[in-house]
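S.K.:
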Ligand SMILES: [Mn+2]
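In UniProt numbering, the protein residues as written are 1 to 457.
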């Protein structure tokens, strides 16, 4: 590897320029080299895919997870850039969402505009542009921000191979020959990507995030707004949280958080698909061991604000039938707003709710197994969730889903308040897997496997 990949990355990103306020940065008049890198690699990749299968096979397709959050997008772009420009291997980032869904995350659009991408994000390769090529004519995959290649990419694609994994989710133990294969907890997958390429990796997981941020910040668009690295964290007095206190960084964090939290323009259906992950679970306890699909939607707003009066049920049924899933968990995360003594709104406690729906829908009818009913699935799921002492659920009786009569007759549902507001989808997904796949009460087994000390990114 060349000596100073990050210096070259910073040059490519024009990171030596002074930080521009958002208004100017969001309407760039010239393409940055990041924007050029992305459009060039996208065009070259699509040309090979259309014209020359042998050439297409040489590309490494770098993907973040299907929720398409900022961590996934940043990690896939950065990893593809380093593979291509530093290691000189053809690589293209593929954003695992449809083009129309890019608009669902305002914070992503803002960050991409800061990085000099066009208003239309046409530089990015999304699922929409490769839709017509099935089976997929490319075989090498680098996974960032997840560690399990999606079924769609291996379907009728026997040579599909995962060549690299960089992630901070629970390790599913796959792709042992991938190189690099870095899977360990830390706040952002992007820190792992940064640490891989020339930054000193920290001993502890969380340290990786801090070290990476400290090393990258002086090379970023914020270089002119923050003190020099030696002042931020002198060797004799290292301050791991120094960056956190820098006003420009606080300002950016606040803006990104506000844009992320403001989902008031999105309807129930948008909210369900905006931050969505899907899983296939073989039911080892059921005769014939059929598989069912489950989905988990993370929604940054309380149920009452967007899902009342049958809106949640209506959108959920439509989404579940469209995806062919049987179980949907809607995981909300929000803050109470409270009036203070001066009558002003202040931020209250961080809370989470969960709404679960087991659909008597197409998938169950196709499986057509007498022993596999929504009733049995519901018993298993409620019991498993309620027995788990990490998430600490409590039934939320004031949000009944049967009132509006929008669910098919034999469907089951339950809404909980989550006692432990720190447990994210990183905790819920492995718990759901254990409950659905396991033969008996999952609560004891789950204890060891779902401790997730980091926040979801
Ligand atoms: Mn992440």
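Where is the CB? At the ideal position from N, CA and C, for every residue including glycine.
Assign residue 93 to buried or exposed, taking buried as 16 or more other Cβ atoms, counted over all protein chains shown, within 10 Å of its Cβ.
M.R.: Per the 10 Å Cβ criterion, buried.
S.K.: Give the range of the alpha helix (DSSP H) segment to which residue 181 is assigned.
M.R.: Premise fails: residue 181 lies in the beta strand (DSSP E), 181-183, not in any alpha helix (DSSP H).
S.K.: Which whole-angstrom value describes the C-beta separation of residue 326 and residue 292, a residue pair presumed to lie in contact below a C-beta threshold of 8 angstroms?
M.R.: That pair is a contact at about 4 angstroms.
S.K.: Could you check where the beta strand (DSSP E) with residue 329 kicks off and where it finishes?
M.R.: 327-339 is the span of the beta strand (DSSP E), which, as asked, contains residue 329.
S.K.: How about residue 190 and residue 71: do their beta carbons lie closer than 9 angstroms?
M.R.: It is a contact, given that the beta carbons lie within the stated cut-off.
S.K.: Figure out for me which residue from 390, 406 and 309 has the closest Cα to the Cα of residue 398.
M.R.: Ranking 390, 406 and 309 by Cα distance to residue 398 puts 309 first.
S.K.: In terms of residues, what are the limits of the alpha helix (DSSP H) holding residue 250?
M.R.: From DSSP, the alpha helix (DSSP H) with residue 250 extends over 247-261.
S.K.: Tell me the residue span of the alpha helix (DSSP H) that contains residue 281.
M.R.: That residue, residue 281, is in no alpha helix (DSSP H); its beta strand (DSSP E) goes 276-282.
S.K.: Comparing alpha-carbon positions, which option in 99, 431, 64 and 104 lies nearest residue 128?
M.R.: Residue 99 is the option with its Cα nearest to residue 128.
S.K.: Could you tell me the boundaries of the alpha helix (DSSP H) in which residue 416 lies?
M.R.: Per DSSP, residue 416 belongs to no alpha helix (DSSP H); it is in the beta strand (DSSP E), 412-418.
S.K.: Are residue 351 and residue 345 close, meaning C-beta to C-beta below 9 angstroms?
M.R.: It is not a contact, given that the beta carbons lie outside the stated cut-off.
S.K.: Would the segment 141-156 and the segment 409-424 be scored as touching if the rule is three or more Cβ pairs under 8 angstroms?
M.R.: No, the segment 141-156 does not touch the segment 409-424.
S.K.: For a test of your reading of the model: does the CB of residue 65 fall under 8 angstroms from any non-hydrogen atom of ligand 1? Yes or no.
M.R.: Checking the Cβ of residue 65 against ligand 1 gives yes.
S.K.: Cβ of residue 41 versus every heavy atom of ligand 1: is any distance shorter than 8 angstroms?
M.R.: Not under cutoff, so the answer is no.
S.K.: Looking only at its chain, what residues have a beta carbon closer than 8 angstroms to the beta carbon of residue 199, apart from the 5 residues adjacent to it on each side?
M.R.: Low per-residue confidence applies at residue 199: pLDDT is 42, beneath 50, and the placement is therefore not dependable, though the value from the model is reported in the following sentence. Around residue 199: 6, 211, 212, 215 and 216.
S.K.: Does the beta-carbon of residue 148, which I'm using as the reference point, lie nearer than 8 angstroms to any heavy atom of ligand 1?
M.R.: No, ligand 1 has no heavy atom inside 8 angstroms of this Cβ.
S.K.: Verify the contact flag: residue 281, CB atom, against every heavy atom of ligand 1, threshold strictly below 8 angstroms.
M.R.: No, since every heavy atom of ligand 1 falls outside the 8 angstroms radius drawn around the Cβ of residue 281.
S.K.: I'd like the span of the beta strand (DSSP E) that includes residue 294, first residue to last.
M.R.: Run containing residue 294: 291-299, per the beta strand (DSSP E) assignment.
S.K.: Is residue 33 near ligand 1, judged by its Cβ being under 8 angstroms from some heavy atom?
M.R.: Residue 33 Cβ: outside cutoff for every heavy atom of ligand 1.
S.K.: Relative to ligand 1, is the shortest distance from any of its heavy atoms to the C-beta of residue 188 smaller than 8 angstroms?
M.R.: Because some heavy atom of ligand 1 lies under 8 angstroms away, the Cβ of residue 188 counts as near it: yes.
S.K.: For residue 37, report the span of its alpha helix (DSSP H) as first-last.
M.R.: It spans 33-51 - the alpha helix (DSSP H) in which residue 37 sits, taken as one unbroken run.
S.K.: Under the three-state reduction of DSSP, which class applies to residue 357: helix, strand or coil?
M.R.: The answer is strand: DSSP assigns residue 357 an E or B state.
S.K.: Looking at the secondary structure, which residues open and close the beta strand (DSSP E) in which residue 430 lies?
M.R.: Careful: residue 430 lies outside any beta strand (DSSP E), inside the alpha helix (DSSP H) at 425-437.
S.K.: Are the Cβ atoms of residue 149 and residue 162 separated by less than 9 angstroms?
M.R.: Yes, the Cβ-Cβ distance between residue 149 and residue 162 is below 9 angstroms.
S.K.: Using only the alpha-carbon positions, how far apart do residue 88 and residue 196 sit?
M.R.: Distance between the alpha carbons of residue 88 and residue 196 is about 16 angstroms.
S.K.: According to DSSP, is residue 141 helix, strand or coil?
M.R.: Residue 141 falls in the strand class under three-state DSSP.
S.K.: Tell me the DSSP secondary structure of residue 323 in three-state form.
M.R.: Residue 323: helix per DSSP, three-state reduction.
S.K.: Whose CA, out of 75, 90 and 78, lies closest to the CA of residue 44?
M.R.: Ranking 75, 90 and 78 by Cα distance to residue 44 puts 90 first.
S.K.: Check residue 345 in the structure and name its three-state DSSP category.
M.R.: Residue 345 falls in the strand class under three-state DSSP.
S.K.: When DSSP labels each residue in this structure, what does residue 270 get in the three-state scheme?
M.R.: The answer is helix: DSSP assigns residue 270 an H, G or I state.
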